[in-house]
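Worksheet: the structure to be examined is printed underneath.
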Amino acid sequence: MIPCALLFSLLVASPLAAQTPAAEAPVAPTPAAPAVATPAPAVTPAATLRRGAFWTPEEGKRKLDEYAATWSDKASWEKRAAALREGVLRGAGLAKFPPRTALNPLYRGVRFHEGYTVENVGFESVGGYFVMGNLYRPATKPESGKCPAILLAHGHCTPGNVPFAVNKTGGRFSEDTQRLAAVLARMGAVVYAYDMTGVNESVQYPHNGPRTIAVQLWNSLRAVDFLVSLPDVDAANLGMTGASGGGTQTFLLAACEPRLKVSVPVVMVSAHFFGGCSCESGLPIHANPGHDTCNVEIAALHAPKPMLLVSDGKDWTQNTPAVEFPYVQKVYRALGAEAAVENVHLASEGHDYGPSKRQAAYAFLAKHLGLKTDAVPKKENALDESFATIETYETLRVFNEENPLPFDALEVPADIEAKLKAR
0 MIPCALLFSL
10 LVASPLAAQT
20 PAAEAPVAPT
30 PAAPAVATPA
40 PAVTPAATLR
50 RGAFWTPEEG
60 KRKLDEYAAT
70 WSDKASWEKR
80 AAALREGVLR
90 GAGLAKFPPR
100 TALNPLYRGV
110 RFHEGYTVEN
120 VGFESVGGYF
130 VMGNLYRPAT
140 KPESGKCPAI
150 LLAHGHCTPG
160 NVPFAVNKTG
170 GRFSEDTQRL
180 AAVLARMGAV
190 VYAYDMTGVN
200 ESVQYPHNGP
210 RTIAVQLWNS
220 LRAVDFLVSL
230 PDVDAANLGM
240 TGASGGGTQT
250 FLLAACEPRL
260 KVSVPVVMVS
270 AHFFGGCSCE
280 SGLPIHANPG
290 HDTCNVEIAA
300 LHAPKPMLLV
310 SDGKDWTQNT
320 PAVEFPYVQK
330 VYRALGAEAA
340 VENVHLASEG
350 HDYGPSKRQA
360 AYAFLAKHLG
370 LKTDAVPKKE
380 NALDESFATI
390 ETYETLRVFN
400 EENPLPFDAL
410 EVPADIEAKL
420 KAR
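For the sequence shown, numbering that gives the first Met the number 0 gives the first residue as 0, with consecutive numbering after it.
This is how it looks when you write it as structure tokens:
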């Protein structure tokens, strides 16, 4: 597995356009290139993998202009959106979903912290294959007994550049993930922070497998099933957020899961960059016969429901205020929901889910899910995350020597792939 720092340097294969001015709020769009009226081709010649910086930023902008020329109003966008969604799922090999088998959740004890609790929970997304994670809950429930719920997907960066599968301080175990989950739980949400496949505990299927996109998307769909099965979750009030590869998981799920109300993909929605990992671009979800798109349009499939794009000045989201966000705004405007989409651009920052990006997510998720920011102490006009208890790998694990993976758990990746096929 390529370390995150090296992976990042390899993926940025083409120079980005000049940085936009620093801003902490939506930036007024300025066109980066003249509009091109040529419509996107109706049929692509074959299934194609678009990986990493597949286009230059200028080419990405021109492609968005081509896509924009294929629709003009609500009806034409909805027609395109239906075709795009079908093309993404077909490219992932999930045109028809496999059976939704029993989740069989396993719970491993509850720890009580300041304003929230943590419980280690795994479930089976298909029989014999486990998704592992941690369930964060508010210490005090509302009178209704029902809480909003948030899926939290981690990205690729791991402290010390330690390989994913043996990392004990990255992924869902990282301080950033734990602080984000703790604050959201104290604000009143039930939060499930779960592993990418092949990362941390979830090693039954490799992270660079031939069907990693399908496995992770199915895991996310089943994670929604798990959340709505909980008696303290309001099934009509679901959100998701993640950065980097977790941002990809967020906008892919938001494109395919109608139960998801709010989407916050962080530092990942780009017109020219498609993700450089098998979990993002290892299957032809962007280009296959009759299907041609990029991550901007996939993210826009969440419209008209609330979405926040968080971007920065030092990665492939550098041009979001001028390129990607205006396209997404056009979609939302066509659907009469322009107020539901926002962009927070941090021009002086880089590729992470750091404190200022988390603050932006807290505000947006609170606004649209009815969370209580006043339940968290403030420091310098921001939510103070210092109350969060950072737990260890040993404490957060679902399975260990005393509670091992069940004897009938699947061990061969091909067996997992076979179970993802529709019956």
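Every residue gets a Cβ at the ideal spot worked out from N, C-alpha and C, and that includes glycine.
Exercise for the section: Could you spell out the range, first to last residue, of the beta strand (DSSP E) harbouring S262? Expected result: One-based indexing of the sequence shown puts residue 262 at position 263. Run containing S262: 261 to 265, per the beta strand (DSSP E) assignment.
Exercise for the section: Taking G187 as the reference, give the member of C146, Q177, S243 with the closest Cα. Expected result: Stepping through the sequence shown from its first residue, residue 187 is reached at position 188. For the residues C146, Q177, S243, the minimum Cα distance to G187 belongs to C146.
Practice task
Tell me where the alpha helix (DSSP H) around I149 begins and ends.
Solution key: In the sequence shown, the residue the question calls residue 149 occupies position 150. No alpha helix (DSSP H) contains I149, which is instead part of the beta strand (DSSP E) from 146 to 152.
Problem - For N119, the nearest candidate out of A148, P98, A80, R171 (CA to CA) - result: What you label residue 119 is simply residue 120 of the sequence shown in a count that begins at 1. When only C-alpha atoms are compared, the closest one is R171.
Exercise for the section: Quick one: grab the DSSP three-state call for L237. Expected result: Indexing the sequence shown from 1 puts residue 237 at position 238. In the structure shown, L237 sits in a strand (DSSP, three-state: E or B).
Problem - Presumed contact (8 Å Cβ cut-off) between D233 and V266, rounded CB distance - result: In the sequence shown, the residue the question calls residue 233 occupies position 234. In the sequence shown, the residue the question calls residue 266 occupies position 267. In fact, because the Cβ distance is near 29 Å, the residues do not count as touching under 8 Å.
Problem - Cut-off 6 Å between Cβ atoms - residues of its own chain near L334, not counting five sequence neighbours on either side - result: Against the sequence shown, residue 334 aligns to sequence position 335. Around L334: K73, A302, P303.
Practice task
Over the uninterrupted alpha helix (DSSP H) stretch that includes S277, give me the two end residues.
Solution key: Here residue 277 refers to the residue found at position 278 of the sequence shown. Here the alpha helix (DSSP H) through S277 covers 277 to 280.
Exercise for the section: Take L395 and list the residues in its own chain whose beta-carbon comes closer than 7 Å to its own, dropping the five residues that flank it on each side. Expected result: In the sequence shown, the residue the question calls residue 395 occupies position 396. Once the five neighbours on either side are set aside, the close Cβ partners of L395 are N119, N133, F172.
Exercise for the section: Examine the Cβ distances between the region 190 to 201 and the region 352 to 371 and report whether three or more of them are shorter than 8 Å. Expected result: no
Practice task
Assuming P320 contacts H350 (C-beta within less than 8 Å), just tell me the rounded distance between them.
Solution key: Locating residue 320 in the sequence shown gives position 321, counting from the first residue. Locating residue 350 in the sequence shown gives position 351, counting from the first residue. Going by Cβ atoms, the distance from P320 to H350 rounds to 17 Å, so no, they are not a contact pair.
Exercise for the section: Give the DSSP bridge partners of S201, in chain order. Expected result: Taking the sequence shown and counting its residues from 1, one reaches residue 201 at position 202. Answer is V198.
Exercise for the section: Pull up the distance between the alpha-carbon of K140 and that of A148, whole angstroms please. Expected result: In the sequence shown, the residue the question calls residue 140 occupies position 141. In the sequence shown, the residue the question calls residue 148 occupies position 149. Computed Cα separation, rounded: 13 Å.
Handout entry: Same chain only: Cβ atoms within 7 Å of R79, ignoring 5 sequence neighbours per side
Key = For the purposes of this step, residue 79 is taken as the residue at position 80 of the sequence shown. So the list reads T69, W70, once near-sequence residues are dropped.
Handout entry: Where L48 sits in the DSSP three-state scheme
Key = Within the sequence shown, residue 48 is the residue found at index 49, counting from 1. Note: L48 maps to coil in three-state DSSP.
Problem - CB of D407 within 8 Å of CB of G121, strictly - result: Position 408 of the sequence shown holds residue 407. Position 122 of the sequence shown holds residue 121. For D407 and G121, no; Cβs fall outside 8 Å.
Exercise for the section: Assuming A91 contacts L282 (C-beta within less than 8 Å), just tell me the rounded distance between them. Expected result: Numbered from 1 along the sequence shown, position 92 holds the residue referred to as residue 91. Numbered from 1 along the sequence shown, position 283 holds the residue referred to as residue 282. 5 Å between Cβ atoms; contact.
Problem - Start-to-end residues for the alpha helix (DSSP H) that takes in S310 - result: To locate residue 310, count along the sequence shown from 1; it is residue 311. Unbroken run through S310 is the beta strand (DSSP E), 306 to 311; no alpha helix (DSSP H).
Problem - K420 versus I212 - alpha carbon distance - result: Counted from its first residue, the sequence shown places residue 420 at position 421. Counted from its first residue, the sequence shown places residue 212 at position 213. Whole-angstrom Cα-Cα distance: 14 Å.
Practice task
Starting from the Cα of E401, find the closest Cα among G108, A253, G86 and give me that residue.
Solution key: On the sequence shown, residue 401 is found 402 positions in, with the first residue counted as 1. It is G108 whose Cα lies nearest to the Cα of E401.
Exercise for the section: May I ask which residues mark the beginning and end of the beta strand (DSSP E) holding F272? Expected result: Here residue 272 is taken as the residue at index 273 of the sequence shown, counted from 1. Per DSSP, F272 belongs to no beta strand (DSSP E) and is neither H nor E.
Handout entry: Residue from H155, K95, D175 whose Cα sits closest to the Cα of G353
Key = As a position in the sequence shown, residue 353 is number 354, starting the count at 1. Closest by alpha carbon: D175.
Handout entry: Member of N103, F250, P209, L308 whose CA lies at the smallest distance from the CA of L229
Key = In the sequence shown, residue 229 corresponds to position 230, counting from 1. Measuring from the Cα of L229, the nearest candidate turns out to be N103.
Practice task
List the endpoints of the continuous beta strand (DSSP E) containing A192.
Solution key: As a working note, residue 192 is residue 193 in the sequence shown. Its beta strand (DSSP E) spans residues 189 to 193.
Exercise for the section: With distances taken Cα to Cα, identify the nearest neighbour of P264 among A360, L179, E256. Expected result: Your numbering for residue 264 matches position 265 in the sequence shown. Of A360, L179, E256, the residue nearest in Cα terms is A360.
Handout entry: Residue span of the alpha helix (DSSP H) that contains H367, given as start and end
Key = Reading the sequence shown from its first residue, position 368 is the one you call residue 367. That run of the alpha helix (DSSP H) goes 354 to 368.
Exercise for the section: Look at A49 and H285 and say whether their C-beta atoms are less than 8 Å apart. Expected result: If you number the sequence shown from 1, residue 49 lands on position 50. If you number the sequence shown from 1, residue 285 lands on position 286. It is worth fixing the name first, because residue 49 is Arg in this sequence and not Ala. For R49 and H285, yes; Cβs fall inside 8 Å.
Practice task
Have a look at E384 and S75 and give me their C-alpha separation to the nearest angstrom.
Solution key: Numbered from 1 along the sequence shown, position 385 holds the residue referred to as residue 384. Numbered from 1 along the sequence shown, position 76 holds the residue referred to as residue 75. Their backbone Cα atoms lie some 44 Å apart in a straight line.
Problem - Any alpha helix (DSSP H) of 4 or more consecutive residues that is wholly inside the region 284 to 347 - result: 294 to 299, 323 to 333
Practice task
Kindly indicate the opening and closing residues of the beta strand (DSSP E) around E118.
Solution key: Walking along the sequence shown from the start, residue 118 turns up at place 119. Counting along the chain, the beta strand (DSSP E) containing E118 begins and ends at 115 to 125.
Problem - Three-state secondary structure assigned by DSSP to K378 - result: Within the sequence shown, the letter at position 379 stands for residue 378. Strand.
Handout entry: Counterpart residues of H112 in DSSP-defined beta bridges
Key = As a first step, residue 112 must be located in the sequence shown, where it is residue number 113. In DSSP, H112 forms a bridge with Y115.
Exercise for the section: From the DSSP output, in three-state form, read off A421 for me. Expected result: For the purposes of this step, residue 421 is taken as residue 422 along the sequence shown, with counting starting at 1. DSSP places A421 in coil when its eight states are reduced to three.
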